[in-house]
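Engineer: So that we are looking at the same thing, I have put the structure below in structure tokens.
Chains as they are written, first to last, in our numbering: chain U, 11 to 344; chain F, 11 to 344.
Have a look at this one:
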């Protein structure tokens, strides 16, 4: 049995290219005592992957050269060499990487209940992006009913959940997304109050018109110009959650810092960084609550699934081109 | 009796020049019912003055053209037209502006006890800069014993008090200042643990050597390159207090935002803006505590006093050139 794997070969400067990764087909080694073999069905494609490739101090060590590209994944246990915690057929969410088969001693592997949601949903709304949204908007931003909440990357895997949870909690929600289709989606399907199309609107003018009173919470997934504009609209004692900065991840030079950061002083506001891994112990509780919102129809999940591990790089590029709708996922089972 | 006044004539772009202010000599109008006349002794010269001249939304309205330049001040009541709260001879801290005599209905005027400290100390360590330091480091940064605290503008009116309070509370304190004299002062006179001379040292190298473990708190008075460097040294769950950005106040273009702001994400840190006016109700308590530290010799106060209202602009320029030692004050009584 062979395993197609995406191997990380060269650290990219700027946008990854054909030298960054290499597809290899390798035999699967025999399991050691206590190990399980997972046949992977779906791989999660996330903006954070770009950061993991840089050899800089971060919240997690960089991906090593010549190792399998790091990724969250979901699949099923197909072999078990005496690991008492798993059974053949268990559906497992893990950090399996971009490959068709993953061997694990069980660390970082979570059993999920296939009856509760589909596999793609378990790496989207009930996986890392959903957890990021849940803890980011509820614990880091600590939203209250009536808050005005602005979120960027609003049609994306994290932003779409952030906005929906804020609506569930009684906030007014304005989303920033790129293009009419995404803006229509967040208004008509997800129930956001307002949408700003940063590709066709001047962001400052749009914010003036669509959040005339300013914002209590800004949840930032993008950085750059949009972060700067949002900082100019903070209400008193506002909170800015720094979740990501997708507009800056491929910069070859220094990233653009937010010129308007002194707005934090003027409005006595707070800017907080977050990393979802800090909330691991509460993932179960969050998944149960979000699972019930999904069943009640209060929360909608959208996945954009591409097929074939050979298409990893092309699929990954959609993160940055914005050519996707919802959580980006690669199906690797053949 | 005539009143020499510095009148704000033109909003500066960049550094104020000879067109920004004009010295006028005007007669003092008769007091209305309930008003007092204050003969001003000392004017507080503060970096915040630069911001007050811009016609932009801020924490306080901009200074109006053709009005007396805004400033904190201290002086004595010399006339009283039936204001029951004050007596002739009372020593008064107020927002009297850059002029020799100020008329007030008493709002924003605080009586101070001349026996407790000198007049200059009441507009320095026991005035706005001292209050900013006190609430900034104790309430906003919320320091704990053992914290590693980094402060910029460390020989200045705010920074010198920030560092000394952090030492009183059992922190390790590193100060950033410009020039050997200031660095020697904060180490030898104020008891800081380390000093970095940003004029002669590479700030990144110096931080690496002098805070090898990183910092729990960074108190920023300067912005720009130093803020960026400090962000690269945050420990986990650190706090950055944004108190000011003197390096950026005269920029004609956009200010430089902190490129390294994503360090907030990596280290799960918080950046908070503050404005001292929010703590007005607790100024009395803070002044009593800082007053007793002054008497016990735990806190040292240094004022740099220049003379003559005619020299206002030259004195003001010392804020930005750094040619001063301690709290900058202008004596306006002749």
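Glycine included, each C-beta is placed from N, C-alpha and C at the ideal position.
Check whether chain F comes within 8 Å of residue 271 (chain U), counting only Cβ atoms and requiring the distance to be less than that.
Structural biologist: Interface residue, yes.
Engineer: Please list the residues of the region 214–228 of chain U that have a C-beta atom closer than 9 Å to any C-beta atom in chain F, keeping them in chain order.
Structural biologist: Of all residues in the region 214–228 of chain U, none has a Cβ within less than 9 Å of some Cβ in chain F.
Engineer: Between which two residues does the beta strand (DSSP E) harbouring residue 326 (chain U) extend?
Structural biologist: Note, residue 326 (chain U): premise wrong, no beta strand (DSSP E); alpha helix (DSSP H) at 322–331.
Engineer: Taking C-beta pairs closer than 8 Å, name the residues in chain U that residue 266 (chain F) reaches, listed in chain order.
Structural biologist: Simply 267, 269.
Engineer: For residue 264 (chain U), which residues from the same chain have a beta carbon less than 8 Å from its beta carbon, with the 5 sequence-adjacent residues on both sides left out?
Structural biologist: Taken in chain order, the list of residues that qualify is empty.
Engineer: Select from U:97, U:112, U:184 the residue whose C-alpha is nearest the C-alpha of residue 104 (chain U).
Structural biologist: Selected option, being the one with the closest Cα: U:112.
Engineer: Determine, for residue 282 (chain U), whether the minimum Cβ-Cβ distance to residues of chain F falls below 8 Å.
Structural biologist: Answer yes: the Cβ-Cβ gap between residue 282 (chain U) and chain F drops below 8 Å somewhere.
Engineer: Buried or exposed, going by whether 16 or more other CB atoms sit within 10 Å of the CB of residue 42 (chain F)?
Structural biologist: Answer is exposed; the Cβ neighbour count stays below 16.
Engineer: Excluding the five sequence neighbours on either side, which residues of its own chain have a C-beta within less than 6 Å of the C-beta of residue 233 (chain U), listed in chain order?
Structural biologist: For residue 233 (chain U), where only same-chain residues beyond five positions count, the Cβ hits under 6 Å are 255, 257, 258.
Engineer: Which residue marks the beginning of the beta strand (DSSP E) containing residue 62 (chain U), and which one marks its end?
Structural biologist: No beta strand (DSSP E) contains residue 62 (chain U), which is instead part of the alpha helix (DSSP H) from 58–62.
Engineer: If we count Cβ pairs, one from each stretch, closer than 8 Å, do we get three or more for the region 274–281 of chain F versus the region 275–293 of chain U?
Structural biologist: Touching, yes.
Engineer: Enumerated in chain order, which unbroken segments of the alpha helix (DSSP H) with a length of 4 residues or greater are wholly contained in the region 13–76 of chain U?
Structural biologist: The qualifying runs are 58–62.
Engineer: With contact counted as at least three CB pairs below 8 Å, one residue from each stretch, are the region 141–155 of chain F and the region 167–179 of chain F in contact?
Structural biologist: Touching, yes, given that three or more Cβ pairs across the two stretches are closer than 8 Å.
Engineer: For the region 125–154 of chain U, enumerate the residues whose C-beta is nearer than 7 Å to any C-beta of chain F, in chain order.
Structural biologist: Listed in sequence order: no entries.
Engineer: If contact is defined by three or more beta carbon pairs under 8 Å, each pair taking one atom from either stretch, is the region 30–50 of chain F in contact with the region 80–94 of chain F?
Structural biologist: Yes, they touch.
Engineer: Classify residue 242 (chain U) as helix, strand or coil using the three-state DSSP reduction.
Structural biologist: Coil, per DSSP.
Engineer: Please state if the CB of residue 153 (chain F) and the CB of residue 227 (chain F) are separated by a distance shorter than 8 Å.
Structural biologist: Yes, the pair counts as a contact, with Cβ atoms nearer than the cut-off.
Engineer: What separation, rounded to the nearest whole angstrom, lies between the Cα atoms of residue 207 (chain F) and residue 157 (chain U)?
Structural biologist: Going from the Cα of residue 207 (chain F) to the Cα of residue 157 (chain U) covers about 44 Å.
Engineer: Using a Cβ-Cβ cut-off of 6 Å (strictly less than) and excluding sequence neighbours within five positions of residue 317 (chain U), which residues of its own chain qualify?
Structural biologist: Only 341 meet the Cβ criterion.
Engineer: If I measure Cβ to Cβ from residue 10 (chain U) and keep anything under 8 Å in the same chain, skipping five residues before and after, which residues do I get?
Structural biologist: Residue 10 (chain U) falls outside the range modelled here, since chain U spans only 11 to 344, and no answer is possible.
Engineer: Please list the partners that residue 289 (chain U) has in chain F, where partner means a Cβ-to-Cβ separation under 9 Å.
Structural biologist: Chain F residues near residue 289 (chain U): none, gap ~11 Å exceeds 9 Å.
Engineer: Residues of chain U with CB closer than 7 Å to the CB of residue 275 (chain F), please, in chain order.
Structural biologist: Under the 7 Å cutoff, chain U gives 252, 283, 284, 285.
Engineer: Just verifying my parser: in three-state terms, what is the DSSP assignment at residue 166 (chain U)?
Structural biologist: In the structure shown, residue 166 (chain U) sits in coil (DSSP, three-state: anything other than H, G, I, E or B).
Engineer: Report the option in F:28, F:209, F:183 whose CA atom is closest to the CA atom of residue 197 (chain F).
Structural biologist: The option with the nearest alpha carbon to residue 197 (chain F) is F:183.
Engineer: Given residue 73 (chain F), which residues of its chain have a CB within under 7 Å of its CB, disregarding the five upstream and five downstream residues?
Structural biologist: Correct list, in chain order: 18, 62, 63, 79, 80.
Engineer: When we look at the beta-carbon of residue 95 (chain U) and count the other beta-carbons within 10 Å, is it buried (16 or more) or exposed?
Structural biologist: Classification of residue 95 (chain U): exposed, given that the 10 Å Cβ count is below 16.
Engineer: Please check if any C-beta of chain F sits within less than 8 Å of the C-beta of residue 257 (chain U).
Structural biologist: Not an interface residue.
Engineer: Does residue 312 (chain U) get closer than 8 Å to chain F when you measure Cβ to Cβ?
Structural biologist: Answer no: the Cβ-Cβ gap between residue 312 (chain U) and chain F never drops below 8 Å.
Engineer: At what residue ranges does the region 133–208 of chain U contain a whole run of the beta strand (DSSP E), taking only runs of 3 or more?
Structural biologist: Entirely contained in the region 133–208 of chain U, the beta strand (DSSP E) runs reaching 3 residues are, in chain order, 158–162, 182–187, 204–207.
Engineer: What in chain U is Cβ-close to residue 278 (chain F), meaning under 7 Å?
Structural biologist: Going along chain U in sequence order, the residues near residue 278 (chain F) (Cβ under 7 Å) are 283, 284, 285, 288.
Engineer: DSSP state of residue 120 (chain F), grouped into three classes?
Structural biologist: Looking at residue 120 (chain F) - three-state DSSP - the assignment turns out to be strand.
Engineer: Work out the CA separation of residue 337 (chain F) and residue 84 (chain F) for me, nearest whole Å.
Structural biologist: Distance between the alpha carbons of residue 84 (chain F) and residue 337 (chain F): 14 Å.
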